[in-house]
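Number of protein chains: 2
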Amino acid sequence: MTKVDLSGAAQFFDAAGPDFAAAAEAHRLLAQRSGPGGDFTGWLDLPQKMLSGGIKPILSAAQKIKKLGQVLLVVGIGGSYLGARAAIELLHGANHNRAEGETEVWFMGNTLSPDAINELIAVLGERDFCVNVISKSGGTLEPALGFRVAKALLERKYGRTAAKKHMFVTTDESHGILRSIADAEGYESFVIPADVGGRFSVLTPVGLLPMAVAGIDIKAVLEAANAELHELDLRSPDNPAWQYAAARQHLYRRGKSIEILASYEPSFRFFAEWWKQLYGESEGKNGIGIYPASVEYNADLHSMGQYIQDGPRTLFETVVMFDSCLTGYSVPFEMGDADGLNYLAGRDFGDIARTTAQAVRSAHIAGGVPNITVSVPRRDEAGYGALVAFFEMSCAISAYMSGVNPFDQPGVEAYKKNMFAMLKGEN
Amino acid sequence: MTKVDLSGAAQFFDAAGPDFAAAAEAHRLLAQRSGPGGDFTGWLDLPQKMLSGGIKPILSAAQKIKKLGQVLLVVGIGGSYLGARAAIELLHGANHNRAEGETEVWFMGNTLSPDAINELIAVLGERDFCVNVISKSGGTLEPALGFRVAKALLERKYGRTAAKKHMFVTTDESHGILRSIADAEGYESFVIPADVGGRFSVLTPVGLLPMAVAGIDIKAVLEAANAELHELDLRSPDNPAWQYAAARQHLYRRGKSIEILASYEPSFRFFAEWWKQLYGESEGKNGIGIYPASVEYNADLHSMGQYIQDGPRTLFETVVMFDSCLTGYSVPFEMGDADGLNYLAGRDFGDIARTTAQAVRSAHIAGGVPNITVSVPRRDEAGYGALVAFFEMSCAISAYMSGVNPFDQPGVEAYKKNMFAMLKGEN
Chain A
1 MTKVDLSGAA QFFDAAGPDF AAAAEAHRLL AQRSGPGGDF TGWLDLPQKM
51 LSGGIKPILS AAQKIKKLGQ VLLVVGIGGS YLGARAAIEL LHGANHNRAE
101 GETEVWFMGN TLSPDAINEL IAVLGERDFC VNVISKSGGT LEPALGFRVA
151 KALLERKYGR TAAKKHMFVT TDESHGILRS IADAEGYESF VIPADVGGRF
201 SVLTPVGLLP MAVAGIDIKA VLEAANAELH ELDLRSPDNP AWQYAAARQH
251 LYRRGKSIEI LASYEPSFRF FAEWWKQLYG ESEGKNGIGI YPASVEYNAD
301 LHSMGQYIQD GPRTLFETVV MFDSCLTGYS VPFEMGDADG LNYLAGRDFG
351 DIARTTAQAV RSAHIAGGVP NITVSVPRRD EAGYGALVAF FEMSCAISAY
401 MSGVNPFDQP GVEAYKKNMF AMLKGEN
Chain B
1001 MTKVDLSGAA QFFDAAGPDF AAAAEAHRLL AQRSGPGGDF TGWLDLPQKM
1051 LSGGIKPILS AAQKIKKLGQ VLLVVGIGGS YLGARAAIEL LHGANHNRAE
1101 GETEVWFMGN TLSPDAINEL IAVLGERDFC VNVISKSGGT LEPALGFRVA
1151 KALLERKYGR TAAKKHMFVT TDESHGILRS IADAEGYESF VIPADVGGRF
1201 SVLTPVGLLP MAVAGIDIKA VLEAANAELH ELDLRSPDNP AWQYAAARQH
1251 LYRRGKSIEI LASYEPSFRF FAEWWKQLYG ESEGKNGIGI YPASVEYNAD
1301 LHSMGQYIQD GPRTLFETVV MFDSCLTGYS VPFEMGDADG LNYLAGRDFG
1351 DIARTTAQAV RSAHIAGGVP NITVSVPRRD EAGYGALVAF FEMSCAISAY
1401 MSGVNPFDQP GVEAYKKNMF AMLKGEN
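If you're matching them up, the sequences are chains A and B in order. Those letters in the first sequence? Residues 1 to 427, by our numbering. Those letters in the second sequence? Residues 1001 to 1427, by our numbering.
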């Protein structure tokens, strides 16, 4: 379903072009689960597994949560946070929590700012709420402290016993502090499969439970992701995942060290954040890796546009397009035409936006910025599921092509080691 | 008031260190208004000018707007958008529009997505509202179309005559389509000084009117900015603006081509967007310029943290710190200490956040990422005003040091030319 258009990048390729033989080898390593980190490739058949039996308990918990309160607080960070937020904002808009009658979904445990914590508590007010704490180990400081805060809020409101039925835990099946706590307290819990790492976990209960509470059709998301993964199993340069992976690695070797992910939909902001983690954490290691950045068009045409058009020629741009908008809006007619824009009156904003996108694309290419366009039909569950599967698949192939393990993150430990030592007064 | 700490960058300097002589020369060019773009240095004494007479009509319009409705729609893009949003989110949080009794401030005219337009109209609902349209010329397509939409909404609700008193225009004193329209229709209007460019205009009515409507003390913002500009007139390497400008130019010459602006406050997100425009648009030209990126800590320690710690050593990090938080929140005590975190019970999250920041700083420096720390006392009006003045001043000096005109943006025209031609069917 996802389509990749490399025509805006081709003029920046050298004669040999993207290395599809290397993409094929990377794909083989991935599919055989024989490359570095092969134990963390469970996401490859995850949608299929979730569809055959895994959804029911999630939908049933989502129903319970909606009945129990108007608010769900989701405690998580990194891969336990960005995927669900990306989905909810992309599909229901950044203002999803203003929709009448829907259960609000708020995220915590990803900041230590007391001001931010107090702000969220003020938003919660006196309303009934549930908590979904998400952590594979339970040992990560930010969500562990967020869990303490959320648990204390629940117990203050409902009492220690009644609070238990407001707490939902998503964690490892058998290991870690959070699993022990969930079992000891008798919280309803969900499993993060051992063979799926954080940034590839959005289609596990990690992402699916908050999405379901927000009213997203998670079956449709999974079906699209499943179909996409099947399409992307194609072993040929026609495979869109090969195209994206091979093109970006080729551009990187030719000095394009920053990739800007762009969209014309403001609701895409947190999808870009999810993508940054996926690519930055998978590829940025051993002193190499494309820097993953993002912009929101049209807004950022008037902020980052100058740099993109005229700054160092070390950028390429990947634009995610939706073939059609979900709604329409016509440019109003103005008696007198004081602003001279009546030639656009009656035209749909969606058409104008698409024309703008073409204008931007050709201006950027002419300015020396290779353009890769990734498109799906609509900004709906199917589009989201396809994009998730597409970017995950491409990412693993791209990382293998660059010679790194896509599934580890050794660098994340450095600050944690310092931090725990300092907090315990050890240095 | 703004302090710069270069101790985390010093080990990455060469023996000669940052070029303060060049900073002095850049400062001289700027102060004498004799460098390229010298006609656009009006922001240098803007706070002083606004304080002596410019505030009253803004405060009075803000009062009118608050009486007329519960919502203000601000129509603007780029420099007519990011500064006010940065201020309102930084000082009142990303959820400012949920605060009881405050007038909500929403931004439009920065997207052509019909879905986003319809989403905003749904948020507005049947409530009373005003519009503040901001554009120096009136000729920029996105806000010009946003103005049409907003005007049509107003006229549909109030009728053509009564709608006029709900419309507030911020534009050039005498030139441009929007000025003509404002005068012809009799809209209340505010002036964007001719000698202040878009990205330096936040302390004109462009930013101040929306801020005032949102309940921000604009006098305090201006006083802090004014005091900061006076402090930054110091002609010595002790000048924090010289330090920041010279350090980043030095790091750039030593291969650090990406600057990541980081904060530990989630409410800082749009301040970083404002900063990206300021630096990206001022410096990114003629094929040179540091790429301005941003992250939100702690969240992004678990997404971009791996890349920062372990990816290509082409980054440096500028962290904006607030010396103290506005509120406190203590880690709850847990009977049984199942998670093993009772050693932190009773500690304030603000203290833990500061410890984390130290741990991150030393881990990143050890990993090869130079750290510049910029700090102000508090996340309040004074802190915001000081940061705005500091970053504007440093930016102009830094751009002059790199040999470019900080005040033009020739590259922004490229896509516009294409776009208007395509929309008019000329190609």
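A virtual CB, placed ideally from N, CA and C, is assigned to each residue, including glycine.
Residue-chain proximity (residue i, chain A), Cβ-Cβ < 8 Å
{"i": "N1286(B)", "result": "yes"}
{"i": "D1339(B)", "result": "yes"}
{"i": "A1299(B)", "result": "yes"}
{"i": "E1281(B)", "result": "yes"}
{"i": "A1009(B)", "result": "no"}
{"i": "Q1277(B)", "result": "yes"}
{"i": "P1406(B)", "result": "no"}
{"i": "G1367(B)", "result": "yes"}
{"i": "Y1291(B)", "result": "yes"}
{"i": "G1411(B)", "result": "yes"}
{"i": "M1167(B)", "result": "no"}
{"i": "M1321(B)", "result": "no"}
{"i": "L1209(B)", "result": "no"}
Any C-beta of chain B under 8 Å from that of residue i
{"i": "T327(A)", "result": "yes"}
{"i": "F478(A)", "result": "Residue 478(A) is absent from the model: chain A starts at 1 and stops at 427."}
{"i": "I77(A)", "result": "yes"}
{"i": "I216(A)", "result": "no"}
{"i": "A163(A)", "result": "no"}
{"i": "I397(A)", "result": "no"}
{"i": "A87(A)", "result": "no"}
{"i": "L423(A)", "result": "yes"}
{"i": "Y343(A)", "result": "yes"}
{"i": "V388(A)", "result": "no"}
{"i": "N418(A)", "result": "yes"}
Exposure label - residue i; buried when at least 16 CB within 10 Å
{"i": "Q1249(B)", "result": "buried"}
{"i": "D303(A)", "result": "Note that residue 303(A) corresponds to Ser in the displayed sequence, not to Asp. Buried, by the Cβ-count rule."}
{"i": "S113(A)", "result": "buried"}
{"i": "H1230(B)", "result": "exposed"}
{"i": "R1254(B)", "result": "exposed"}
{"i": "Q277(A)", "result": "buried"}
{"i": "Q63(A)", "result": "exposed"}
{"i": "A87(A)", "result": "buried"}
Nearest to residue i (by Cα), restricted to the options the options
{"i": "Y1415(B)", "options": "Q11(A), T356(A), G383(A), G403(A)", "result": "T356(A)"}
{"i": "G287(A)", "options": "T2(A), S201(A), G403(A)", "result": "G403(A)"}
{"i": "Q1409(B)", "options": "L203(A), V221(A), I308(A), H96(A)", "result": "I308(A)"}
{"i": "H1027(B)", "options": "C1395(B), V1412(B), A1421(B), K1417(B)", "result": "C1395(B)"}
{"i": "Y208(A)", "options": "W242(A), L68(A), K56(A), S267(A)", "result": "In the sequence as displayed, the identity of residue 208(A) is Leu instead of Tyr. The shortest C-alpha separation from L208(A) is found at K56(A)."}
{"i": "A421(A)", "options": "A224(A), R160(A), L141(A), F12(A)", "result": "L141(A)"}
{"i": "T1111(B)", "options": "L1124(B), L1091(B), E1126(B), Y1081(B)", "result": "Y1081(B)"}
{"i": "A61(A)", "options": "P210(A), W43(A), G76(A)", "result": "P210(A)"}
{"i": "A227(A)", "options": "G37(A), N418(A), D45(A)", "result": "D45(A)"}
{"i": "D1128(B)", "options": "G1042(B), N1342(B), H1166(B)", "result": "H1166(B)"}
{"i": "G1367(B)", "options": "F1020(B), Q1011(B), A1345(B)", "result": "Q1011(B)"}
{"i": "V1374(B)", "options": "A1163(B), Q1048(B), Y1264(B), L1068(B)", "result": "Y1264(B)"}
According to DSSP, residues forming a beta bridge with residue i
{"i": "C1130(B)", "result": "L1072(B)"}
{"i": "P1240(B)", "result": "Per DSSP, none; premise fails for P1240(B)."}
{"i": "W1106(B)", "result": "L1073(B)"}
{"i": "D1348(B)", "result": "S1330(B)"}
{"i": "K64(A)", "result": "None, per the DSSP bridge assignment."}
{"i": "Y1291(B)", "result": "I1258(B)"}
{"i": "L1046(B)", "result": "None, per the DSSP bridge assignment."}
{"i": "D1005(B)", "result": "T1373(B)"}
Residues from the region 134-153 of chain A in contact with chain B, defined by Cβ distance under 7 Å: Answer in chain order: G138, E142, A144, L145, R148, V149, A152.
Residues of the region 1234-1259 of chain B whose Cβ lies closer than 9 Å to any Cβ of chain A, in chain order: When CB distances to chain A are screened at a threshold of 9 Å, the residues of the region 1234-1259 of chain B falling below it are S1257, I1258, in chain order.
Short-range partners of chain B found in the region 171-183 of chain A, where Cβ spacing is below 9 Å: From the region 171-183 of chain A, only I177, L178, S180, I181 have a Cβ closer than 9 Å to chain B.
Contacting positions in the region 1301-1313 of chain B - beta carbon closer than 8 Å to chain A: Those would be L1301, H1302, S1303, M1304, G1305, Q1306, Y1307, I1308, Q1309, D1310, G1311, P1312, R1313, in chain order.
Interface positions of the region 89-118 of chain A facing chain B (Cβ-Cβ less than 7 Å), listed along the chain: For the region 89-118 of chain A, the set of positions with a beta-carbon nearer than 7 Å to some beta-carbon of chain B reads G93, N95, R98, N110, T111, L112, S113, P114, D115, A116, I117, N118 in chain order.
Residues within the region 262-273 of chain A neighbouring chain B, beta-carbon criterion of under 8 Å: The residues in question are Y264, E265, P266, S267, E273.
Under 9 Å (Cβ pairs) to chain B, residues found in the region 55-75 of chain A: Legend: CB atoms of the region 55-75 of chain A lying less than 9 Å from CB atoms of chain B are not found in any residue.
Contact residues within the region 354-383 of chain A, judged by C-beta distance below 8 Å to chain B: For the region 354-383 of chain A, which is checked against every Cβ of chain B, the residues closer than 8 Å are T355, T356, Q358, A359, V360, S362, A363, H364, A366, G367, R379.
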